[in-house]
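Positions -21 to -1, 1 to 125 (mature numbering (1 follows the signal peptide of the UniProt record, and there is no 0)) are the ones given, in order, by the sequence shown. Where a beta carbon is used, it is the ideal one built from N, C-alpha and C, also for glycine. In what follows, a single structure is set out as structure tokens and then discussed.
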Amino acid sequence: MNNRAVLFLLFGLLVLKEINGLQKRCLRCRSRGELGSCGDPFPFNVTEPEAEIGIHVVACPSGWCGKLIEGTTGAFRADDYGAATQRMCLQRPPNDYEERCAYTMWNHKKVYMCFCNGDLCNSAVKISTVPLVMLLTLIVTIWNIL
């Protein structure tokens, strides 16, 4: 295989990876207390979340994921068993398109909520370095071929 064919193959793989990355996914789960499977920090490998009951990877058309933690203000009711963590796909992005975490009101309760934009970004670990590593590999390969 000549150098141009290798370069074309690497470029094709990079483009294919980026096209596949356009479909963003979010984790969807809810649990309460320290022993819950949806807790914070997320206790599972984000590449194999479906191995745990109650954790789902869902396609997210908006590309925006959310993480909501209720019961973190210290004002627990008598029937609370600890902080509840919920991860979800947001139907639409925040008005300012900014990723952030802050206290807000949700269903008449004060909750801590995070908004993020990216594939499986509402887990504890972001996997955003993969395209950068692939791009660097491509640049080094081109540099060595030329």
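Leaving aside the five residues that flank L47 on each side, the residues in its chain whose CB is nearer than 6 Å to its CB run, in chain order, Q65, V90, M92.
Within the segment 41 to 90, the complete beta strand (DSSP E) segments of 3 residues or longer fall at 43 to 49, 63 to 68, 79 to 85, listed in chain order. Distance between S10 and E78, taken at the CA atoms: about 23 Å.
When secondary structure is reduced to three states using DSSP, N24 falls in the coil class, being assigned neither helix nor strand. Residue pairing of C5 in beta bridges, as defined by DSSP: V37. Per DSSP, reduced to three states, the secondary structure at N101 is coil, with no helix or strand assignment.
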